[in-house]
Amino acid sequence: QIFSILSILAVVAHGATYDLPPLPFGTSSLKPMISKKTLQIHHGKHHAKYVNTLNALVAGTSLENQSLEKIIKATHKSKPGIFNNAAQAWNHSFYWKCMTPKGGGMPNENKHSKLLCDKINASFGSYDNFRKEFAEAANTAFGSGWAWLVSDAKGNLSVRKTIGADNPMVSSGKCCIPILTCDVWEHAYYLDYANLRPSYVDTFLDKLVNWEFVAENLERAVDSGKNWS
Amino acid sequence: RSFAILILASCWMLASSSINHAKHQARTRNFISLTTFDKSYRHQPTIPTFTMTKLSLALSALAVGSASAFSMNMKADTGANSRRDILQKGAAIATAIAAPAAANAYAVPDLLYPFDALEPFIDAPTMKIHHDKHHATYVANINKATEGKEEVDILELQLNALEAGPVRNSGGGHYNHAFFWDEMAPPDQAAKSKISPELEAAIEKSFGSVDEMKAKFEAQAAPGAVFGSGWVWVCVSSDGLKLVGTPNQDNPLMKGVTDEVMFPILGLDVWEHAYYLKYQNRRPEYVSAWWNVVNWDKVSENFAYVSEKKAGVPVRG
Numbered sequence: 012q013i014f015s016i017l018s019i020l021a022v023v024a025h026g027a028t029y030d031l032p033p034l035p036f037g038t039s040s041l042k043p044m045i046s047k048k049t050l051q052i053h054h055g056k057h058h059a060k061y062v063n064t065l066n067a068l069v070a071g072t073s074l075e076n077q078s079l080e081k082i083i084k085a086t087h088k089s090k091p092g093i094f095n096n097a098a099q100a101w102n103h104s105f106y107w108k109c110m111t112p113k114g115g116g117m118p119n120e121n122k123h124s125k126l127l128c129d130k131i132n133a134s135f136g137s138y139d140n141f142r143k144e145f146a147e148a149a150n151t152a153f154g155s156g157w158a159w160l161v162s163d164a165k166g167n168l169s170v171r172k173t174i175g176a177d178n179p180m181v182s183s184g185k186c187c188i189p190i191l192t193c194d195v196w197e198h199a200y201y202l203d204y205a206n207l208r209p210s211y212v213d214t215f216l217d218k219l220v221n222w223e224f225v226a227e228n229l230e231r232a233v234d235s236g237k238n239w240s
Numbered sequence: 069r070s071f072a073i074l075i076l077a078s079c080w081m082l083a084s085s086s087i088n089h090a091k092h093q094a095r096t097r098n099f100i101s102l103t104t105f106d107k108s109y110r111h112q113p114t115i116p117t118f119t120m121t122k123l124s125l126a127l128s129a130l131a132v133g134s135a136s137a138f139s140m141n142m143k144a145d146t147g148a149n150s151r152r153d154i155l156q157k158g159a160a161i162a163t164a165i166a167a168p169a170a171a172n173a174y175a176v177p178d179l180l181y182p183f184d185a186l187e188p189f190i191d192a193p194t195m196k197i198h199h200d201k202h203h204a205t206y207v208a209n210i211n212k213a214t215e216g217k218e219e220v221d222i223l224e225l226q227l228n229a230l231e232a233g234p235v236r237n238s239g240g241g242h243y244n245h246a247f248f249w250d251e252m253a254p255p256d257q258a259a260k261s262k263i264s265p266e267l268e269a270a271i272e273k274s275f276g277s278v279d280e281m282k283a284k285f286e287a288q289a290a291p292g293a294v295f296g297s298g299w300v301w302v303c304v305s306s307d308g309l310k311l312v313g314t315p316n317q318d319n320p321l322m323k324g325v326t327d328e329v330m331f332p333i334l335g336l337d338v339w340e341h342a343y344y345l346k347y348q349n350r351r352p353e354y355v356s357a358w359w360n361v362v363n364w365d366k367v368s369e370n371f372a373y374v375s376e377k378k379a380g381v382p383v384r385g
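Line order of the protein sequences matches chains P and C. Everything in the first sequence is counted per the numbering used here, starting at 12 for the first residue and increasing by one. Everything in the second sequence is counted per the numbering used here, starting at 69 for the first residue and increasing by one.
Right under this line is the structure:
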């Protein structure tokens, strides 16, 4: 308890490196796909804890005023404690934006982006193939992890899965700028789906994916070849 | 000749079913005779129901085949052939039905207590889903992964699990959960259970005191220490008792997971599925509540067994 008080004071004194971003939608907005209770705890407890812990760990260090991506890249191999919290803070911020109440299904050229549709077809053959590969990655990430759709600087897309806090922007080199993610840590779905992770993954793909956000990420990746920050 | 085939088929069926049953019982009996835990094994595994079904199917096939053969309106020359044909086919079908498919090597052991027995510390819905779904999935997967291979005790499978692909995750998962269920007991039984003098001495030597061991255990079980999915163990090592956290379904019996192979005597599942329904993000609260359902008699037996045999604790299933 004393540590928490001191770290909060330290953070207030120095200014937080990172703030907990608000959810892009209300906690009731993803019902019945994801419950209010899950969002309240996932965002308000899990995500918040990563942010607070990160701030406490970097307070008073040279990492303190760095961007989240810089912290992630700097600590990936050397400082697992800081890395886990920084990466999880980033991953969750990204995840919320990857969802929208009336999302999911096949992206539409007119509604979303022609580039996205073209690249999905070019990289996977079809949307169905992409969907199958993404679901497979999400369902077979053993333990706690994430499934990702990533792009290289030319818009070539591929599916990845990572363990724990790992993020393809550090684990896989230049190929991998994240454009879509799905959290498959059990806390993301357990209250609503219990052990039935495949049901959650199907629901995510069919009802929640925010293709507008994915399309923006792809544009940025192709334009700059750099990560969104 | 037909009757000879019939009799042979019946003998084959009966023999194969008995062999299956005996193998199953023997596997379990071997575990029990290796340990001093006989009294706690109140639930005996039952004959797999598929064996009984096959037996009855096969007998029915024979009976129907025989009946239709004899009741046929037999013409002079073709009649006898037809009758023989049917009997032979009946025998063949009976044999095929009864021929033993490779019996599944592993099974989920029944809990020694009802799903709600660990309330309020571990809730009934969690126990039910954890046992009937999660553990069952590991068993299904390890059976799939070892199909057609020589049957190996789940404990023996641990040593080289890291080399063996899917065996690591599902073989580890099966052992870990079978181990976990049996070291717990309803709160009133747990409260009466005792740490043996030998175990207490070992704890004091390695950790200072039981309370210090518990404090260190809780620190090792914290989300920062075992990040994501994993287990926390107290093990007998070459140098006294050791406390260790392992990721996913790894355990210290697996060569390569910890510096040396160690033998767990106490373990806690800190995968989110073990506590999320009741505790959500509050893993530390789950860990400190869990002491209320630890059966120290069993943990002491584990310690005695491991110390004597220099081997891992066998589990049911």
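Cβ atoms here follow ideal geometry from the backbone N, Cα and C, with glycine treated the same way.
I think residue i touches residue j, with their Cβ atoms under 8 Å apart; what is that distance to the nearest whole Å?
i: tyrosine 174/C; j: isoleucine 210/C; result: 5 Å
i: threonine 86/P; j: alanine 100/P; result: Not quite, the Cβ-Cβ distance comes to about 12 Å (not below 8 Å), so this is no contact.
i: threonine 192/P; j: cysteine 128/P; result: That pair is no contact at about 20 Å.
i: glutamate 286/C; j: valine 362/C; result: Not a contact, Cβ separation roughly 13 Å.
i: lysine 323/C; j: leucine 225/C; result: 12 Å between Cβ atoms; not a contact.
i: leucine 216/P; j: serine 46/P; result: About 18 Å; that fails the 8 Å criterion.
i: leucine 65/P; j: tyrosine 29/P; result: 6 Å
i: glycine 313/C; j: phenylalanine 247/C; result: With 8 Å as the limit, glycine 313/C and phenylalanine 247/C do not qualify as a contact, their Cβ atoms being about 16 Å apart.
i: valine 170/P; j: alanine 148/P; result: 5 Å
i: valine 325/C; j: aspartate 318/C; result: 5 Å
i: isoleucine 222/C; j: valine 383/C; result: 6 Å
i: phenylalanine 275/C; j: lysine 284/C; result: 6 Å
i: valine 374/C; j: valine 367/C; result: Not quite, the Cβ-Cβ distance comes to about 11 Å (not below 8 Å), so this is no contact.
i: leucine 219/P; j: threonine 111/P; result: 7 Å
i: alanine 204/C; j: valine 176/C; result: 5 Å
i: valine 69/P; j: isoleucine 82/P; result: 7 Å
Buried or exposed for residue i, going by 16 or more other Cβ atoms inside 10 Å?
i: lysine 172/P; result: buried
i: asparagine 95/P; result: buried
i: alanine 379/C; result: exposed
i: glutamate 197/P; result: buried
i: threonine 151/P; result: exposed
i: glutamate 340/C; result: buried
i: aspartate 365/C; result: buried
i: serine 1/P; result: The structure shown does not extend to residue 1/P, since chain P is modelled only from 12 through 240, so no value can be given for it.
i: aspartate 177/P; result: buried
i: glutamate 120/P; result: exposed
i: asparagine 6/P; result: Past the boundaries of the shown model lies residue 6/P; chain P is included only from 12 to 240, so the question cannot be answered.
i: alanine 229/C; result: buried
i: glycine 308/C; result: exposed
i: lysine 201/C; result: exposed
i: glutamine 93/C; result: Residue confidence is low: glutamine 93/C scores 45 on pLDDT, short of 50, so the model does not pin down where it sits. Its coordinate-derived value is still stated next. Label assigned to glutamine 93/C: exposed.
i: serine 238/C; result: buried
i: glutamate 280/C; result: exposed
i: glycine 156/P; result: buried
i: lysine 310/C; result: buried
i: arginine 69/C; result: exposed
i: serine 104/P; result: buried
i: asparagine 221/P; result: buried
i: proline 332/C; result: buried
What residues of chain C sit near residue i, judged by a beta carbon separation below 8 Å?
i: glutamate 197/P; result: Ser297, Trp339, Glu340, His341, Tyr344
Who are the neighbours of residue i on chain P, taking C-beta pairs under 9 Å?
i: glycine 292/C; result: Thr64, Gly92, Asn95, Asn96
i: asparagine 316/C; result: Phe153, Gly154, Ser155, Ile174
If the cut is a Cβ gap below 8 Å, which residues of chain P does residue i touch?
i: glutamine 348/C; result: Ile52, Lys56, His198, Leu202
TODO: Using a Cβ-Cβ cut-off of less than 7 Å, list which residues of the region 190-208 of chain C approach chain P; keep chain order.
DONE: Ile197, Lys201, His202
Open item on the list: Can you pull out the residues from the region 133-164 of chain P whose beta carbon lies closer than 9 Å to at least one beta carbon of chain C?
Closed with: Here the close residues are Phe153, Gly154, Ser155, Gly156.
Open item on the list: What are the residues in the region 200-213 of chain P lying within 8 Å of chain C by C-beta distance?
Closed with: Tyr201, Leu202, Ala205, Asn206
TODO: Mind checking the region 232-247 of chain C against chain P and listing, in chain order, the residues whose C-beta falls within less than 8 Å of any C-beta there?
DONE: For the region 232-247 of chain C, residues whose beta-carbon sits nearer than 8 Å to a beta-carbon of chain P comprise Asn237.
Task: Length-filtered (4 minimum) alpha helix (DSSP H) runs lying within the region 72-144 of chain P - done: 79-86, 91-108, 125-135
Task: alpha helix (DSSP H) runs wholly inside the region 282-361 of chain C, at least 4 long, in chain order - done: 344-347, 351-358
TODO: Go through the region 149-189 of chain P residue by residue and report every complete run of the beta strand (DSSP E) that reaches 3 residues or more, in order.
DONE: 156-162, 168-174
Task: Ordered list of alpha helix (DSSP H) runs contained in the region 201-269 of chain C, each at least 4 residues - done: 204-213, 222-226, 240-250, 255-260
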